[in-house]
Structures are given as structure tokens and as C-alpha cells.
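Here's the structure we're looking at; comments come further down.
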Amino acid sequence: MQNYYNFTVSASQMSYSPYWYVKSNIILKCISGILVLASGFILSHLSDFKIGFIISIFISAVLIFNGIYKFMIKNKKTFIFDKTENALYKITLRGKKKVISLNNVIDIVTKSGAMSYHYVLTSKDSTKIKKIKLTARIKNENKSNPEVRFLEMEIIPQLESFLNLNSKVIVFDSKYCSTI
1 MQNYYNFTVS ASQMSYSPYW YVKSNIILKC ISGILVLASG FILSHLSDFK
51 IGFIISIFIS AVLIFNGIYK FMIKNKKTFI FDKTENALYK ITLRGKKKVI
101 SLNNVIDIVT KSGAMSYHYV LTSKDSTKIK KIKLTARIKN ENKSNPEVRF
151 LEMEIIPQLE SFLNLNSKVI VFDSKYCSTI
């Protein structure tokens, strides 16, 4: 079996890369940034529209830096669920950061959008509820891909078991809720 999402699991630790499946499109973003810059340069020389060149520099910079960010930083993120330290860590190029305590995890839910969905980890602290995006957006048309099936059949169920979320607990506080 292939190692999708760089998934590893042991008795005390579980880790995976949530954006492993996502392609960064860095080449497409850089080419479109260069095309926007060239069109702004041509437009500024054909007419006296000098602000167009400045706007094209800004748009090109945003496109190129977005492509670099997704390729170098976002797609390299790893989540580590550690039972020994009772923590969820997010590892990026900048280092290891504790996100939440595993005692506070309530549930893993699916959040749907238009033609796509993703998984969210919900945790409750003493003062607030925190939602952590566990996966990238998955298009409904990609449900049959082996990578997506591996996520839904292996990673999410093992994560629920690892965090002891199989037994559902519903908390209802009438102070903040209204009757239907």
C-alpha cells in the first residue's frame, strides 16, 4: 500500500500531512504573474497609463508569492497527535507549535461547501471553541481517488479511535441556544 499523506501511527503518536494531496500550481501562478506584469508594462508604454504598471507589479507579486507560499510552506505542514505530551502539534518550516491539548478535543466533523468538503477538528477550551481544519478542500468529483479514499477509510477513523471519539457526546447549554 502506498504511503499517502505521509501517514504514520504508533501507540502514542499519530502524524500526517494534511495538504499532501494538494498541488501547488506554482508554475501556473508564476507564468500568470509574468503575463500580468508584461501586459502592465505594454499597457503603460502604449498609453500614458503609468498606474497600470504599478497595479500589474502588485498583482504579479501577489500571484507569485501565493504560489511560493503554497509550495514551500502550506503544503509542507504536518500534524502530530501526541498522547504522551497530550498535545496536537503543527510542524511547519518555522518550527513545531502546540495547537491544542488532546483532552479538549470534542469531535471531528465534515464541513461541506459548494461542490467540496473538508474535515474539521473541534476542541473546547474553558473559554472558547476552536476549530482546526484537518484537510484541504476535497472536491466531490475526487471522492473516488485513492488518496481521498485513504483519508476517509484509514486516517479519519484511526484518528477518531486514537482520540477516543467513537462515543458521541452531545452537550446542550440552554443559556446560549434557543428552542426550535
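For the sequence shown, position 81 (counting from the first letter as 1) is numbered 81 according to UniProt numbering, and the numbering increases by one without interruption. Cβ coordinates follow ideal geometry from the N, Cα and C atoms, glycine included.
From the options, residue whose alpha carbon lies closest to that of residue i
i	options	result
T135	L163, K76, K50	K76
E141	F162, Y117, M153	Y117
S161	S39, L93, F81, I51	F81
K124	G113, V105, M115	V105
K90	Y19, N3, L37	Y19
K130	V99, N145, L159, A114	V99
A38	S10, D48, I27, I54	I54
K96	E85, T78, P146	T78
A61	L163, T8, S47, I31	I31
A11	I26, L35, M115, K83	K83
Three-state secondary structure (DSSP) of residue i
i	result
F162	helix
residue 185	Residue 185 lies beyond the stretch modelled for the chain, which goes from 1 to 180, so this question has no answer here.
Y19	coil
F49	coil
I100	strand
Assumed close pair residue i, residue j - CB separation to whole angstroms, cut-off 8 Å
i	j	result
V148	I138	6 Å
Y119	T127	Rounded, the Cβ-Cβ distance is 24 Å, inconsistent with contact.
L121	I108	5 Å
N3	S17	Not a contact, Cβ separation roughly 10 Å.
V36	I59	5 Å
Host beta strand (DSSP E) of residue i (start-end)
i	result
S123	116–124
Cα-Cα separation between residue i and residue j, rounded to whole angstroms
i	j	result
S44	S101	55 Å
L163	F71	30 Å
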